[in-house]
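**Student:** Before we start, here is the structure in question, set down as structure tokens.
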Amino acid sequence: MELHALTALQLGEKIRAGEVSPVEAAQAALDRVRQEQGRNNAFITVLGDAALSEALETEKQLRAGARLSPLAGVPMGLKDNICTKGIKTSCASKILGDFAPPYDATLVQRLRAAGGVLLGKLNMDEFAMGSTSETSFYGPVRNPWDLTRVPGGSSGGAAAAVAAGECWYAVGSDTGGSIRQPAAYCGVTGMKPTYGTVSRYGLVAYASSLDQMGPIARTAADCAAVLDLIMGRDRRDGTSLEVESGGLLAGLTGDVRGMKIGLPADCFGEGLEPEVRACVLAAADVLRARGAQVEEFALPIMRYVVPAYYMIAAAEASSNLSRFDGVKYGWRAEGYEDLTDLYSKTRTEGFGSEVKRRILLGAFVLSAGYYDAYYKKALQVKAVIKRAYDEAFEKYDLLLTPVAPSTAPRLGESLDDPLKMYLSDIYTVPLNLAGLPGLSMPCGFDGGGMPIGAQLIGPALGEAKVLGAAHAFQLDTDYHTKMPKGGDAQ
Amino acid sequence: MKITEEMVDTISALSRLKLPEEEKVRMAGELERILEYVEVLNTLDTAAVEPMSHVFPVKNVFRADVVEPSADRRDLLRNAPIPDEEAFLVPKTVE
């Protein structure tokens with residue numbers, strides 16, 4: 055079996071057994087990237103020699119007997135909004151230019167300490183705003199399953215790179231579905247953990263109350279292994295929770311007997327493509343066959359989740375992105391007359407149109423006279439949404455829903471109609487509003503051969519349950535083992 | 120709610136953005152459609168609901184006031200479009 059077809063944990067095992075060296079793994083990954091990058095554009099920055107020397111360092115540590123982690127020496131990629139010391143971190147925006155952060159995100163420090171080998175930085179929607187990874191200043195990412203289709207977004211490069219076998223796992227960020235939806239579109243597994251469990255220190259902020267980082271990999275077990283490394287309290291993130299890290303991978307048993315899983319009827323109605331519905335319901339049957347109790351229930355707050363989300367996300371974005379002004383980082387426009395003009399010119403020429411739309415929307419809902427009607431209202435609705443999920447989890451251990459209403463659209467189909475694009479986030483955004491963990495796992499293909507994802511949702515800090523059910527599902531199915539035909543096969 | 124070009128001008132000024140005329144018209148239309156859609160929130164009675172900004176009951180987080188080295192100034196200035204040895208440079212702001 056070729057290395058790129060292995061899961062991250064399988065490769066990690068071969069590395070620990072001495073069958074494959076970290077340098078060999080990194081070289082194999084770089085060869086694969088060289089082959090695929092021109093097709094899917096998943097990377098913004100590829101680290102050649104730096105990746106190899108990091109791999110060599112890990113190799114030396116392993117030879118000296120260091121235990122590191124189950125993923126030691128396994129090459130990975132990071133979304134380009136995660137700060138990496140001395141390595142360009144662009145957020146896929148023109149305005150950040152060649153910004154190379156003076157520090158590593160906490161998560162990067164943790165992965166490196168565990169023997170992680172960074173291959174490069176992954177393409178995305180500009181500032182993580184989008185559902186297609188087409189708004190990147192560095193050109194759109196393409197779906198490895200069909201290069202005429204989008205990989206989803208905003209962590210589209212992360213999902214595409216894992217799907218194409220360019221890296222064994224990646225870390226993305228998820229503000230309204232940006233890990234889970236591209237994972238679904240690309241046929242891989244992705245998880246947004248509970249808000250506050252992974253330090254946001256070093257993640258370039260989009261909407262701070264909703265942003266959370268998490269893994270994209272082939273399997274739930276791989277995701278558990280990554281989360282074991284990156285979760286945990288960090289004093290540099292005031293919203294990070296006192297949680298124990300580790301133990302998720304070891305806790306995967308595949309046993310879901312007696313587990314109660316709720317299917318919110320409001321997530322299976324109008325707007326959902328029949329093929330997606332059929333595959334997600336079939337996933338419920340797989341879990342039922344393993345001993346889970348599955349039943350439908352009503353979750354009528356679904357009609358409020360997208361509007362509440364976009365009000366809150368835009369408001370926070372307009373505030374967070376005010377720091378990009380052409381003074382402190384990256385790129386500055388030319389030909390300005392005074393300081394205000396410098397700001398305006400730089401921001402007008404430096405931000406793409408989706409980012410500008412959200413900044414303006416946010417400035418509007420926060421402005422005098424409209425704050426109560428829009429922003430405060432959205433925060434009240436958020437409380438109602440949170441309560442609805444709290445009540446659901448009094449009855450159920452987990453919820454199961456689709457990830458997105460359809461499979462991946464073609465490039466160029468979504469951006470003309472922003473509202474329509476926003477509406478497609480309906481199944482993923484409520485988890486960010488309520489702070490809940492959610493996982494997207496491959497559960498089938500549509501008639502055109504495009505992957506379909508199912509979403510498992512857990513109560514706050516219910517990562518073990520979510521991963522447990524996903525692992526159980528993957529023991530009985532092989533959707534997660536399928537790979538798109540690569541350049542070598544065509 | 121009607122979004123006029125003047126309103127787009129106001130929020131653009133607040134956001135330090137300058138949209139070209141044709142983009143202004145398009146943006147006004149898009150914002151109007153989005154806000155129209157958001158009206159659905161008003162069908163939910165929230166009179167008795169406290170606005171929720173943070174989802175978990177995390178209170179003020181304190182730490183000991185210990186001096187630690189912070190980032191090196193030269194490292195921070197390195198990313199600026201136009202720095203000198205010790206500062207970010209911008210056009211003169213006070214005549």
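These protein sequences, in sequence, are chains X and Y. Count along the first sequence from 1, then add 54; that gives the number in our numbering. Count along the second sequence from 1, then add 119; that gives the number in our numbering. We treat Cβ as the ideally placed atom computed from N, Cα and C, and that holds for glycine.
(1) If distances are taken between C-alpha atoms only, which option among Leu515/X, Tyr255/X and Ala278/X comes closest to Ile138/X?
(2) Whole angstroms are fine: how far does the CA of Pro194/X sit from the CA of Pro328/X?
(3) Would you say Asp542/X reaches chain Y, if we count a Cβ-Cβ gap shorter than 8 Å as a contact?
(4) Where does Gly316/X fall in DSSP's three states?
(5) Run down chain X in chain order and give the residues with a C-beta less than 8 Å from the C-beta of Lys137/Y.
(6) Report the neighbours of Arg357/X on chain Y: residues whose CB is nearer than 7 Å to its CB, in chain order.
(7) Could you check where the beta strand (DSSP E) with Ile153/Y kicks off and where it finishes?
(8) Please check if any C-beta of chain Y sits within less than 8 Å of the C-beta of Ala146/X.
(9) In chain order, what residues of the segment 179-195 of chain Y put their CB closer than 8 Å to some CB of chain X?
(10) What residue range does the beta strand (DSSP E) around Thr455/X cover?
(11) Residue range of the alpha helix (DSSP H) that Glu78/X falls in?
(12) Pull up the DSSP beta-bridge partners for Ile270/X, would you.
(13) Have a look at Ala427/X and Lys399/X and give me their C-alpha separation to the nearest angstrom.
(14) Taking the CB atoms as reference points, tell me whether Gly241/X and Lys536/X lie closer together than 8 Å.
(15) Quick check: what's the CA-CA separation for Lys143/Y versus Ile130/Y?
(16) Report buried or exposed for Leu116/X, applying the criterion of at least 16 other Cβ atoms within 10 angstroms of its Cβ.
(17) Could you run through the segment 407-419 of chain X and flag, in chain order, every residue whose CB is less than 9 Å away from some CB of chain Y?
(18) Would the C-beta of Phe207/Y count as close to the ligand COA, meaning under 7 Å from any of its heavy atoms?
(19) Run through DSSP, which three-state label would Ile141/X get?
(20) Would you list, in chain order, the members of the segment 434-453 of chain X that have their beta-carbon closer than 7 Å to a beta-carbon of chain Y?
(21) Look up Ile233/X in the DSSP assignment and give the residues it is bridged to.
(22) Any idea what DSSP makes of Lys178/Y, helix, strand or coil?
(23) Please compile the residues from chain Y whose C-beta is within a distance smaller than 8 Å of the C-beta of Leu57/X.
(24) Would you tell me roughly how many angstroms separate the C-alpha atoms of Lys474/X and Leu163/Y, rounded to the nearest one?
(25) Among Asn135/X, Tyr397/X, Asp282/X and Ile149/X, which residue has its Cα nearest to the Cα of Leu125/X?
(26) Taking 8 Å as the cut-off, decide whether the C-beta atoms of Ala82/X and His58/X are in contact.
(27) Name the two residues that bound the continuous alpha helix (DSSP H) containing Gly211/X.
(28) Going by C-alpha to C-alpha distance, which of Asp152/X, Asp500/X and Lys133/X sits closest to Arg331/X?
(29) So the alpha helix (DSSP H) Ser131/Y belongs to, where does it begin and stop?
(30) So the candidates are Leu65/X, Gly498/X, Leu465/X and Leu303/X; which of them puts its Cα closest to the Cα of His525/X?
(31) Using a Cβ-Cβ distance cut-off of 8 Å, determine whether Pro170/Y contacts chain X.
(32) Can the beta-carbon of Phe181/X be found less than 8 Å from the beta-carbon of Val409/X?
**Tutor:** Straight from the coordinates:
(1) The residue you asked about is not Ile; residue 138/X is Thr in the sequence shown. Cα-wise, what sits closest to Thr138/X is Tyr255/X.
(2) 28 Å
(3) Low local confidence applies: a pLDDT of 44 at Asp542/X is under 50, so the model's placement there is unreliable, with the coordinate-based value given in what follows. Not one chain Y Cβ lies under 8 Å of Asp542/X.
(4) strand
(5) Ser398, Lys399 and Thr402
(6) Val159
(7) Looking at the DSSP string, Ile153/Y is not in any beta strand (DSSP E); the run it does join, the alpha helix (DSSP H), is Glu140 to Val157.
(8) no
(9) Val180, Arg182, Ala190, Asp191, Asp194 and Leu195
(10) Leu452 to Pro456
(11) Pro76 to Asn94
(12) Ala224/X and Gly244/X
(13) 31 Å
(14) yes
(15) 11 Å
(16) buried
(17) Ser407, Lys410, Arg411, Ile413, Leu414, Leu415, Gly416, Ala417, Phe418 and Val419
(18) Looking for the ligand COA in the displayed structure turns up nothing, as the structure carries no ligands at all.
(19) strand
(20) Gln434, Val435, Lys436, Ala437, Val438 and Lys440
(21) According to DSSP, Ile233/X bridges with nothing at all.
(22) coil
(23) The contacting residues do not exist; Leu57/X stays about 36 Å from chain Y at best.
(24) 22 Å
(25) Asp282/X
(26) yes
(27) Gly210 to Ala217
(28) Asp500/X
(29) Glu124 to Leu133
(30) Leu303/X
(31) yes
(32) yes
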